Amino acid sequence: MATKIFTGDMPELMENILNNLNEEINSIYSCALVSRHWCKMSIPILWRDPFTFARDAMFISRYFSSLSENDRMILNEYGIDIEFPCTLFNYSRFLKAFDSSIVDDRIQELISKLINNLPTDIDLKEHVANLLFKIFIESGATLSKLALDMSDDIDDIKPEIFYSLGQNMLFFSRLQDLSVIIESKSCIKNAIALFKILADNATKINSLTFHTSIYEPLLCRTFASIIKSQEQLGRFNLIGGSAFEPRSCCIMSALECQKKALREIKIERCAYGEEFEVLKNCENLEVIRILHYKEEIKLLKILGTSLSKISTLEILSYSIDASNLIPILENSGSLLQRLRLYSERREICSLSLLIETLISFCPNITYLYISSIKFSNKFLDLIGSLQKLLYLTLRWIDDGSEKE
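Per the UniProt record's numbering, the sequence shown starts with residue 1, numbered consecutively.
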């Protein structure tokens with residue numbers, strides 16, 4: 001065993017060590033220079049998420065080595081005339097994380113350098129984005145994290161990309177973290193097509209985020225199918241807006257299929273509807289974040305009588321009546337470790353009852369944040385009772401002004 005360690009003949013051990021250096025890019029670069037063996041293990045890690053960590057956008061040109069002559073000619077017609085290097089590795093195959101906003105910025109940076117800082121041509125930008133997407137899909141890459149911002153300036157996804165996704169099912173087969181933002185009605189058709197592919201091919205998602213201010217029934221139904229197709233969905237974030245009506249769609253009711261797996265929920269800018277009552281059946285729910293939620297009182301009353309394993313509770317609202325939190329605090333008791341209450345405009349009501357409940361039932365809190373409160377000596381009793389407290393923020397209201 002010792003001989004193998006010193007000779008570097010334990011690839012599984014070295015891979016574990018390098019994986020623990022995942023975000024220490026300089027250290028991994030150094031490892032790649034040690035030997036051919038270390039290089040082979042370091043390069044795939046360096047190219048998992050190059051769009052985030054690379055210092056210069058010119059690294060993108062390495063992906064172009066696999067372009068067809070026709071694609072290269074099209075780039076030349078746009079004014080991009082670069083060397084297409086022969087590479088030792090199939091770098092595109094190593095990609096694990098794809099964030100459309102970051103990729104979009106890097107493409108703009110690349111084009112700006114290649115065409116002498118002229119204003120970026122939107123058609124060229126979209127063409128390069130689609131080329132990259134196609135290269136990644138057809139290279140055999142398997143994503144673990146995907147973030148798509150489908151707004152007005154999103155790169156338009158071409159039909160051949162959807163065809164390629166249909167032919168290369170492994171691309172999404174190991175996806176664990178999916179985040180989608182839809183803020184433009186012009187993106188709905190592409191989003192629906194993509195959701196259908198994800199529902200069929202991505203079944204191992206653990207963290208799922210859906211952010212939209214648009215209500216479109218078919219869009220909601222296809223997204224709900226993604227929820228239903230997951231083997232174990234542990235975290236779900238739903239962020240709405242003025243025109244989004246979750247009470248009228250089927251997204252929340254789809255969580256019934258994940259009632260044993262779901263452990264964390266975040267609901268932001270949504271209005272209460274009966275569909276949200278599905279959360280009371282999520283027996284293993286541990287983290288609840290409710291932000292700018294209309295009629296949160298109704299939801300808290302339902303959750304307070306049914307959930308008893310909450311370790312993190314966060315409420316951000318225009319005003320907060322702490323009496324509505326008492327059942328959920330009492331039921332969670334010693335399991336509660338993090339509590340954040342942020343009242344934006346008004347003083348938190350029933351504060352004395354809140355303090356008494358925390359002292360009596362929640363001794364294991366390590367993080368406590370409470371805003372919009374008036375000073376009381378009872379807070380000294382509360383702080384003294386929380387022996388495991390590590391982080392504390394109390395924001396006072398004093399004569400109309402707030403102090404920390």
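Glycine is no exception: its CB is placed at the ideal position from the N, C-alpha and C atoms.
These numbers were taken from a predicted model, which means no experiment stands behind them.
Inter-residue Cα distance where the pair is residue i and residue j
{"i": "Gln232", "j": "Lys260", "result": "8 Å"}
{"i": "Ile40", "j": "Asn201", "result": "Note that residue 40 corresponds to Lys in the displayed sequence, not to Ile. Roughly 29 Å separates the two Cα atoms."}
{"i": "Leu394", "j": "Phe53", "result": "37 Å"}
{"i": "Ile60", "j": "Leu110", "result": "8 Å"}
{"i": "Met73", "j": "Ser101", "result": "27 Å"}
{"i": "Tyr318", "j": "Leu165", "result": "44 Å"}
{"i": "Arg106", "j": "Cys31", "result": "26 Å"}
{"i": "Glu138", "j": "Lys309", "result": "44 Å"}
{"i": "Cys250", "j": "Tyr63", "result": "40 Å"}
{"i": "Ser352", "j": "Asp104", "result": "51 Å"}
{"i": "Ser229", "j": "Leu336", "result": "31 Å"}
{"i": "Ala322", "j": "Tyr342", "result": "11 Å"}
{"i": "Ser311", "j": "Arg338", "result": "6 Å"}
{"i": "Ser385", "j": "Ile326", "result": "18 Å"}
{"i": "Ile328", "j": "Ala254", "result": "24 Å"}
{"i": "Met58", "j": "Arg93", "result": "18 Å"}
{"i": "Pro50", "j": "Glu183", "result": "27 Å"}
{"i": "Ile28", "j": "Phe379", "result": "48 Å"}
{"i": "Leu354", "j": "Met150", "result": "42 Å"}
{"i": "Ser144", "j": "Ala97", "result": "6 Å"}
{"i": "Asn331", "j": "Thr305", "result": "8 Å"}
{"i": "Tyr215", "j": "Lys125", "result": "29 Å"}
{"i": "Ile383", "j": "Ser372", "result": "17 Å"}
{"i": "Ser173", "j": "Ile320", "result": "43 Å"}
{"i": "Cys282", "j": "Glu344", "result": "29 Å"}
Nearest residue (CA-CA) to residue i, options the options
{"i": "Leu390", "options": "Leu368, Thr209, Phe379 and Lys378", "result": "Leu368"}
{"i": "Leu316", "options": "Asn331, Leu307, Leu300 and Pro363", "result": "Leu300"}
{"i": "Asn324", "options": "Ile115, Arg106, Ser207 and Ser350", "result": "Ser350"}
{"i": "Lys294", "options": "Phe276, Asn281, Lys280 and Glu286", "result": "Phe276"}
{"i": "Phe236", "options": "Ile326, Arg221 and Val287", "result": "Val287"}
{"i": "Leu285", "options": "Glu296, Leu313, Leu95 and Ala271", "result": "Leu313"}
{"i": "Phe89", "options": "Pro44, Met58 and Leu75", "result": "Pro44"}
{"i": "Gln176", "options": "Ala147, Gly241 and Ile328", "result": "Ala147"}
{"i": "Leu392", "options": "Arg340, His127, Asn206 and Lys374", "result": "Arg340"}
{"i": "Glu274", "options": "Leu291, Ile157, Leu303 and Leu114", "result": "Leu303"}
{"i": "Ala193", "options": "Ile157, Asp123 and Asn130", "result": "Ile157"}
{"i": "Pro363", "options": "Leu124, Gly333, Asp56 and Asn168", "result": "Gly333"}
{"i": "Asn168", "options": "Leu75, Asn190 and Gly140", "result": "Gly140"}
{"i": "Asp99", "options": "Val180, Thr222, Phe210 and Ser372", "result": "Val180"}
{"i": "Tyr163", "options": "Ile82, Ser376, Asn190 and Lys185", "result": "Asn190"}
{"i": "Ile82", "options": "Ser68, Ile290, Leu114 and Asn70", "result": "Leu114"}
{"i": "Ala271", "options": "Leu75, Leu262 and Gly241", "result": "Gly241"}
{"i": "Asp56", "options": "Asn130, Ser42 and Gln108", "result": "Gln108"}
Simplified DSSP state of residue i, which is helix, strand or coil
{"i": "Thr366", "result": "coil"}
{"i": "Arg36", "result": "helix"}
{"i": "Leu390", "result": "coil"}
{"i": "Glu231", "result": "coil"}
{"i": "Asn281", "result": "helix"}
{"i": "Lys294", "result": "strand"}
{"i": "Arg346", "result": "coil"}
{"i": "Thr222", "result": "helix"}
{"i": "Glu264", "result": "strand"}
{"i": "Asn237", "result": "strand"}
{"i": "Thr52", "result": "helix"}
{"i": "Phe210", "result": "strand"}
{"i": "Thr312", "result": "strand"}
{"i": "Ile288", "result": "strand"}
{"i": "Arg395", "result": "strand"}
{"i": "Asp321", "result": "strand"}
{"i": "Ile205", "result": "coil"}
{"i": "Leu178", "result": "strand"}
{"i": "Ile157", "result": "coil"}
{"i": "Leu339", "result": "strand"}
{"i": "Ile373", "result": "strand"}
Test item: CB-CB of residue i and residue j under 7 Å
{"i": "Phe170", "j": "Thr142", "result": "Sequence inspection shows Leu at residue 170; the Phe mentioned does not correspond to that position. In this structure, Thr142 lies closer than 7 Å to Leu170 by Cβ."}
{"i": "Phe133", "j": "Ile161", "result": "yes"}
{"i": "Ser66", "j": "Ile135", "result": "yes"}
{"i": "Glu256", "j": "Val278", "result": "yes"}
{"i": "residue 436", "j": "Glu268", "result": "This structure cannot speak to residue 436, because the chain is shown only from 1 to 404."}
{"i": "Trp47", "j": "Tyr91", "result": "yes"}
{"i": "Lys388", "j": "Thr357", "result": "no"}
{"i": "Leu178", "j": "Ile205", "result": "yes"}
{"i": "Glu347", "j": "Ile397", "result": "yes"}
{"i": "Leu219", "j": "Ile188", "result": "yes"}
Contact with chain B by residue i, beta-carbon distance below 7 Å
{"i": "Lys189", "result": "Among the protein chains of the structure shown there is no chain B, as only one such chain exists."}
Where are the alpha helix (DSSP H) runs, 4 residues long or more, that stay fully inside the segment 81-154, in chain order?
-> As for any alpha helix (DSSP H) of minimum length 4 sitting wholly inside the segment 81-154, the runs are 100-114 and 122-139, ordered along the chain.
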